[in-house]
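Undergrad: If you count the sequence shown from 1, position 419 lands on 528 in the numbering used here, and the numbers rise without skipping.
Glycine included, C-beta positions come from ideal geometry on N, C-alpha and C.
A quick note: this is a predicted structure, and the numbers were derived from the prediction, not measured.
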Amino acid sequence: MKEQRTIPVTKGKTYEIEIIRLGTNGEGVGKYQDFTVFIPYALPGERIVAVITTVKKTYAVGKLRQVLCASPARVAPTCAVYYRCGACQLQHFSYDGELQEKQRQVQDALTRIGHITNVPVLPTLGAATPWNYRNKMQFPVGEDKKNTLSIGCFAAATHNVINVENCVIQKEENNQIVRIVRQWMKDFKIPAYDEDKCTGMIRHIMGRVGVKTGEIMVCIVTACECVPHIKDLIRRLRQEISGLTAVIQNINTGHTNVILGRKTRTLYGQDTIHDAIGNLRFHISAQSFFQVNSEQAQRLYEKALEFADLKGHEIVADVYCGTGTITLFLAQKAKQVYGIEIVPSAIKDAIRNARDNHIKNAEFILGDAVYKLPELIKNGVRPQVIVLDPPRAGCGEPVLRAIGRSQPERVVYVSCNPATLARDLACLQTYGYKTERVQPVDMFSRTHHVECIALIQRVKS
Numbered sequence: 110m111k112e113q114r115t116i117p118v119t120k121g122k123t124y125e126i127e128i129i130r131l132g133t134n135g136e137g138v139g140k141y142q143d144f145t146v147f148i149p150y151a152l153p154g155e156r157i158v159a160v161i162t163t164v165k166k167t168y169a170v171g172k173l174r175q176v177l178c179a180s181p182a183r184v185a186p187t188c189a190v191y192y193r194c195g196a197c198q199l200q201h202f203s204y205d206g207e208l209q210e211k212q213r214q215v216q217d218a219l220t221r222i223g224h225i226t227n228v229p230v231l232p233t234l235g236a237a238t239p240w241n242y243r244n245k246m247q248f249p250v251g252e253d254k255k256n257t258l259s260i261g262c263f264a265a266a267t268h269n270v271i272n273v274e275n276c277v278i279q280k281e282e283n284n285q286i287v288r289i290v291r292q293w294m295k296d297f298k299i300p301a302y303d304e305d306k307c308t309g310m311i312r313h314i315m316g317r318v319g320v321k322t323g324e325i326m327v328c329i330v331t332a333c334e335c336v337p338h339i340k341d342l343i344r345r346l347r348q349e350i351s352g353l354t355a356v357i358q359n360i361n362t363g364h365t366n367v368i369l370g371r372k373t374r375t376l377y378g379q380d381t382i383h384d385a386i387g388n389l390r391f392h393i394s395a396q397s398f399f400q401v402n403s404e405q406a407q408r409l410y411e412k413a414l415e416f417a418d419l420k421g422h423e424i425v426a427d428v429y430c431g432t433g434t435i436t437l438f439l440a441q442k443a444k445q446v447y448g449i450e451i452v453p454s455a456i457k458d459a460i461r462n463a464r465d466n467h468i469k470n471a472e473f474i475l476g477d478a479v480y481k482l483p484e485l486i487k488n489g490v491r492p493q494v495i496v497l498d499p500p501r502a503g504c505g506e507p508v509l510r511a512i513g514r515s516q517p518e519r520v521v522y523v524s525c526n527p528a529t530l531a532r533d534l535a536c537l538q539t540y541g542y543k544t545e546r547v548q549p550v551d552m553f554s555r556t557h558h559v560e561c562i563a564l565i566q567r568v569k570s
């Protein structure tokens with residue numbers, strides 16, 4: 110009978126702990142008598158004192174009390190509400206340290222989860238600046254027990270809204286939108302939505318900035334159709350925001366944590382704004398997916414195009430194509446590209462984007478990639494290159510099996526989750542593929558998220 114291990118830490122007590130690495134959520138990971146302890150805001154190489162707040166069978170969670178020996182990469186956070194807000198996790202880490210850690214996390218996932226070794230993980234492609242990069246803002250609106258209005262971000266692991274006056278990772282235009290809406294709500298006593306009582310009006314504020322075009326969208330998510338003094342808000346926005354192109358109302362009456370409802374109407378201007386990546390121009394609606402970091406998105410897509418190594422004669426399948434951003438980049442170098450996407454509005458946007466950019470060699474297919482990719486192959490389409498850009502859950506095994514059957518020369522895998530990337534790369538190995546290299550790209554500076562691109566080559570049938 111296996112002897113049960115004694116847990117060496119107790120809730121409520123303090124311990125001195127050495128931090129060895131960062132976890133997947135940006136927290137410090139340390140060991141106390143070989144027992145794992147997670148401590149937010151601690152950095153690798155530090156010796157710290159933490160009080161234990163949670164104890165489980167295989168790990169504990171602690172709260173940082175004192176840094177006894179600080180990492181040389183520790184810096185003062187820029188944001189005034191950093192330690193209360195849950196949007197960023199790495200502002201206390203130097204940017205060089207963050208980039209190195211993201212490279213290590215990708216390498217660790219390949220080794221630990223995929224059991225993939227001897228694959229180069231290249232240095233993370235960092236941003237020119239890690240600040241004020243987000244072209245899309247979605248801030249919840251709330252009130253505390255004293256009816257004090259807050260617009261900002263949820264505190265980590267809660268639905269408590271932290272009021273944010275100036276978010277340092279948002280484009281300044283988005284911060285300006287929040288200031289205007291906040292003052293309008295105060296002046297006219299417009300109530301915030303209370304998700305527990307299902308009362309109030311304003312649920313979320315969304316801002317979208319066309320970085321290359323200067324066009325700006327404001328979307329007010331409401332719990333009801335009629336909002337008093339909405340014309341006053343539009344007037345203020347028009348007076349104070351240069352480049353205002355669209356004011357949208359999205360109506361979400363559901364008792365849900367989903368941000369957008371099904372009904373949307375245009376209160377002022379256009380239904381969409383535009384932005385450009387490279388020489389391609391895109392329509393962006395309130396519901397559209399578009400990379401939140403326009404500058405880094407261009408580097409990501411250029412790297413995907415480099416890995417695809419297209420000569421002009423290839424048939425390409427872009428699986429999980431979204432609104433067709435990568436598809437249209439590929440179409441500039443390929444003979445024919447097929448984009449597959451399950452979301453109808455995304456396919457509609459993709460077709461429109463192809464038309465507006467005068468691209469005629471891109472075809473978009475609506476449906477689940479699990480069924481549509483095998484169907485495409487069954488109909489005689491044999492892609493030489495397949496590009497994957499799945500959600501965080503990664504690819505379904507049937508999609509990977511279809512790739513194995515179609516035997517493309519190359520697979521380019523764009524991933525926002527190193528763990529599921531590693532799992533899927535291991536699966537592709539069983540179909541005769543080898544991962545050549547992986548390139549991390551910092552799309553979400555000052556947070557724990559890391560995007561990466563893997564180049565996979567066929568080595569045997």
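What number of angstroms, rounded off, separates the C-alpha of T375 from the C-alpha of A355?
TA: On the sequence shown, residue 375 is found 266 positions in, with the first residue counted as 1. On the sequence shown, residue 355 is found 246 positions in, with the first residue counted as 1. Near 7 Å, if we compare the C-alpha coordinates of A355 and T375.
Undergrad: Could you pull the start and end residues of the alpha helix (DSSP H) that F391 belongs to?
TA: For the purposes of this step, residue 391 is taken as the residue at position 282 of the sequence shown. For F391, there is no enclosing alpha helix (DSSP H); the residue is part of the beta strand (DSSP E) that begins and ends at L389 to I393.
Undergrad: Run through DSSP, which three-state label would T529 get?
TA: For the purposes of this step, residue 529 is taken as the residue at position 420 of the sequence shown. Three-state DSSP puts T529 in a helix.
Undergrad: Quick one: give me the first and last residue of the beta strand (DSSP E) that K487 is part of.
TA: On the sequence shown, residue 487 is found 378 positions in, with the first residue counted as 1. Element bounds for K487: not the beta strand (DSSP E) but the alpha helix (DSSP H), A478 to K487.
Undergrad: Taking 9 Å as the threshold (C-beta atoms), are T145 and T115 in contact?
TA: Translated into the one-based positions of the sequence shown, residue 115 becomes position 6. Translated into the one-based positions of the sequence shown, residue 145 becomes position 36. No, the Cβ-Cβ distance between T115 and T145 is not below 9 Å.
Undergrad: Once DSSP output is grouped into helix, strand and coil, what is the label at Q175?
TA: The count along the sequence shown starts at 1 and reaches residue 175 at position 66. In this structure, Q175 counts as strand in the three-state DSSP scheme.
Undergrad: Kindly indicate which three-state DSSP category I565 falls into: helix, strand or coil?
TA: If you number the sequence shown from 1, residue 565 lands on position 456. DSSP places I565 in strand when its eight states are reduced to three.
Undergrad: Whole angstroms is fine: what's the gap from H383's alpha carbon to F297's?
TA: Sequence index remark: in the sequence shown, residue 383 carries index 274 (1-based). Sequence index remark: in the sequence shown, residue 297 carries index 188 (1-based). Roughly 32 Å separates the two Cα atoms.
Undergrad: If you reduce the DSSP assignment to three classes, tell me which class Q400 lands in.
TA: Here residue 400 corresponds to residue number 291 of the sequence shown, with the count starting at 1. Note: Q400 maps to coil in three-state DSSP.
Undergrad: Starting from L342, trace the alpha helix (DSSP H) in both directions and tell me its first and last residue.
TA: As a working mapping, residue 342 is identified with position 233 in the sequence shown. Start and end: I339 to E349.
Undergrad: What number of angstroms, rounded off, separates the C-alpha of Q216 from the C-alpha of R555?
TA: As a working note, residue 216 is residue 107 in the sequence shown. As a working note, residue 555 is residue 446 in the sequence shown. The straight-line gap from Cα to Cα measures roughly 20 Å.
Undergrad: Quick test of the definition: if touching needs 3 or more C-beta pairs under 8 Å, does the stretch 313-322 touch the stretch 278-291?
TA: yes
Undergrad: Give me whichever residues DSSP pairs with H313 in a beta bridge.
TA: As a working mapping, residue 313 is identified with position 204 in the sequence shown. In DSSP, H313 forms a bridge with P249 and V330.
Undergrad: Kindly indicate which three-state DSSP category N272 falls into: helix, strand or coil?
TA: Taking the sequence shown and counting its residues from 1, one reaches residue 272 at position 163. Strand, per DSSP.
Undergrad: Let's see if you can read the secondary structure: which residues bound the beta strand (DSSP E) around L131?
TA: Translated into positions along the sequence shown, residue 131 becomes position 22. First-last of the beta strand (DSSP E) with L131: T123 to L131.
Undergrad: Thinking just about the alpha-carbon of each residue, which of T434, H201 and D458 is nearest to the one in L497?
TA: As a first step, residue 497 is located in the sequence shown; it is residue number 388 there, counting from the start. That would be T434, whose Cα lies nearest to the Cα of L497.
Undergrad: Can you tell me whether I456 is helix, strand or coil according to DSSP?
TA: The count along the sequence shown starts at 1 and reaches residue 456 at position 347. In this structure, I456 counts as helix in the three-state DSSP scheme.
Undergrad: Within 10 angstroms of the Cβ of P517, are there 16 or more other Cβ atoms? Answer buried if so, exposed if not.
TA: Translated into the one-based positions of the sequence shown, residue 517 becomes position 408. It is buried - the Cβ of P517 has at least 16 other Cβ atoms within 10 Å.
Undergrad: According to the Cβ coordinates, are H392 and G135 closer than 9 Å?
TA: The sequence position of residue 392 within the sequence shown is 283, counting from 1. The sequence position of residue 135 within the sequence shown is 26, counting from 1. No.
Undergrad: Roughly how many whole angstroms lie between the Cα atoms of F130 and R408?
TA: The residue labelled residue 130 in the question sits at position 21 within the sequence shown. The residue labelled residue 408 in the question sits at position 299 within the sequence shown. The sequence shown places Arg at residue 130, rather than the Phe named in the question. About 28 Å.
Undergrad: For L419 versus V494, is the C-beta distance shorter than 9 Å?
TA: Reading the sequence shown from its first residue, position 310 is the one you call residue 419. Reading the sequence shown from its first residue, position 385 is the one you call residue 494. Yes, the pair counts as a contact, with Cβ atoms nearer than the cut-off.
Undergrad: Just verifying my parser: in three-state terms, what is the DSSP assignment at G433?
TA: The sequence position of residue 433 within the sequence shown is 324, counting from 1. In this structure, G433 counts as coil in the three-state DSSP scheme.
Undergrad: Output needed for A463: all residues of its chain with C-beta closer than 7 Å, excluding positions within five of it in sequence on either side, in chain order.
TA: For the purposes of this step, residue 463 is taken as residue 354 along the sequence shown, with counting starting at 1. Within the same chain, A463 has close Cβ partners G433, L437 and A471.
Undergrad: Where do the N-terminal and C-terminal ends of the alpha helix (DSSP H) with T549 fall, by residue?
TA: In the sequence shown, the residue the question calls residue 549 occupies position 440. According to the sequence shown, residue 549 is Pro rather than Thr. Where P549 is concerned, there is no enclosing alpha helix (DSSP H), although the beta strand (DSSP E) it sits in stretches over Y542 to V550.
Undergrad: Measuring straight from C-alpha to C-alpha, what distance separates I449 and L482?
TA: For the purposes of this step, residue 449 is taken as the residue at position 340 of the sequence shown. For the purposes of this step, residue 482 is taken as the residue at position 373 of the sequence shown. Approximately 8 Å, taken between the alpha carbons.
Undergrad: Using alpha carbons as the reference points, say which of Q538, H268, V138 and G431 lies closest to P500.
TA: Position 391 of the sequence shown, counted from the start, is the residue given in the question as residue 500. That would be G431, whose Cα lies nearest to the Cα of P500.
Undergrad: Ignoring anything shorter than 3 residues, give me the beta strand (DSSP E) runs that lie fully in the stretch 134-203, in order along the chain.
TA: Scanning the stretch 134-203 for uninterrupted beta strand (DSSP E) segments of 3 residues or longer gives 137-141, 144-148, 156-164 and 168-178, listed from N- to C-terminal end.
Undergrad: DSSP on Y93, reduced to helix/strand/coil?
TA: Since the displayed the chain opens at 110 and closes at 570, residue 93 lies outside it and no answer follows.
Undergrad: Looking at the secondary structure, which residues open and close the alpha helix (DSSP H) in which V320 lies?
TA: Numbered from 1 along the sequence shown, position 211 holds the residue referred to as residue 320. That residue, V320, is in no alpha helix (DSSP H); it is neither H nor E in DSSP.
Undergrad: Excluding the five sequence neighbours on either side, which residues of its own chain have a C-beta within less than 7 Å of the C-beta of N571, listed in chain order?
TA: This structure cannot speak to residue 571, because the chain is shown only from 110 to 570.
Undergrad: Which of the three DSSP states, helix, strand or coil, is assigned to T115?
TA: Counting from 1 along the sequence shown, the entry for residue 115 is found at position 6. It is coil, neither helix nor strand.
Undergrad: Considering only their Cβ atoms, is the gap separating K140 from A159 smaller than 9 Å?
TA: On the sequence shown, residue 159 is found 50 positions in, with the first residue counted as 1. On the sequence shown, residue 140 is found 31 positions in, with the first residue counted as 1. With contacts defined as CB atoms closer than 9 Å, A159 and K140 fail to qualify as a contacting pair.
Undergrad: Is the stretch 394-409 touching the stretch 482-491, taking contact as three or more C-beta pairs under 8 Å?
TA: No: fewer than three Cβ pairs fall under 8 Å.
Undergrad: Roughly how many angstroms separate the alpha carbons of E349 and Q292, rounded to a whole number?
TA: Counted from its first residue, the sequence shown places residue 349 at position 240. Counted from its first residue, the sequence shown places residue 292 at position 183. About 13 Å.
Undergrad: Considering I259, what are the terminal residues of the beta strand (DSSP E) in which it resides?
TA: Mapped onto the sequence shown, residue 259 falls at position 150. The residue asked about is misnamed: residue 259 is Ser in this sequence, not Ile. Per DSSP, S259 belongs to the beta strand (DSSP E) from L258 to F263.
Undergrad: Figure out for me which residue from Y522, T529 and R510 has the closest Cα to the Cα of A502.
TA: The residue you call residue 502 lines up with position 393 of the sequence shown. Minimum Cα distance to A502 is reached at T529.
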